[in-house]
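K.L.:
In my numbering, the protein residues as written are 11 to 155.
Here you go, one structure.
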């Protein structure tokens, strides 16, 4: 090895190291993107619970509550495509989205007294598929979802 070929060698090594770092960072970003999507699904489900607790479920306001919940279901539907097929949440989420496609079906579930929609949402928490983010702890909470 001559002295003139040494900088070229170190430049190619630097290029290899840079490529290795970029590939590792890219793989790390893909994994965290899926984790962020699952966390967003959890936030949408938490907002569904807040809508149920914050607004009465009488017939007069049930259509408005169902529309608000359906907006959150549509947010979940947007995150569904980002989640990989191998994730544990994928199949239960697909079944959930197929069962509750419209606000009218959600409203029917709220009015009939069986609460099938809210049971399906709660099932994601019970199975550990999504995490509930705890709010700030205060001595006198305004409302407790």
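All C-beta atoms, glycine included, are put in the ideal place defined by N, C-alpha and C.
Answer yes or no: do residue 80 and residue 132 have a C-beta to C-beta separation smaller than 8 Å?
P.N.:
No, the pair does not count as a contact, with Cβ atoms beyond the cut-off.
K.L.:
Tell whether a beta-carbon distance below 8 Å holds between residue 141 and residue 94.
P.N.:
Contact: no.
K.L.:
Assess, as a yes-or-no matter, whether the stretch 67 to 76 is touched by the stretch 105 to 121 under the definition of 3 or more beta carbon pairs within less than 8 Å.
P.N.:
Yes, since at least three Cβ pairs between the stretch 105 to 121 and the stretch 67 to 76 fall closer than 8 Å, the two stretches touch.
K.L.:
How big is the Cα-Cα spacing for residue 123 and residue 65?
P.N.:
Their backbone Cα atoms lie some 16 Å apart in a straight line.
K.L.:
So, residue 119 versus residue 106, is the Cβ gap smaller than 8 Å?
P.N.:
No, Cβ-Cβ distance for residue 119 and residue 106 is not below 8 Å.
K.L.:
Quick check: what's the CA-CA separation for residue 98 versus residue 55?
P.N.:
Their backbone Cα atoms lie some 17 Å apart in a straight line.
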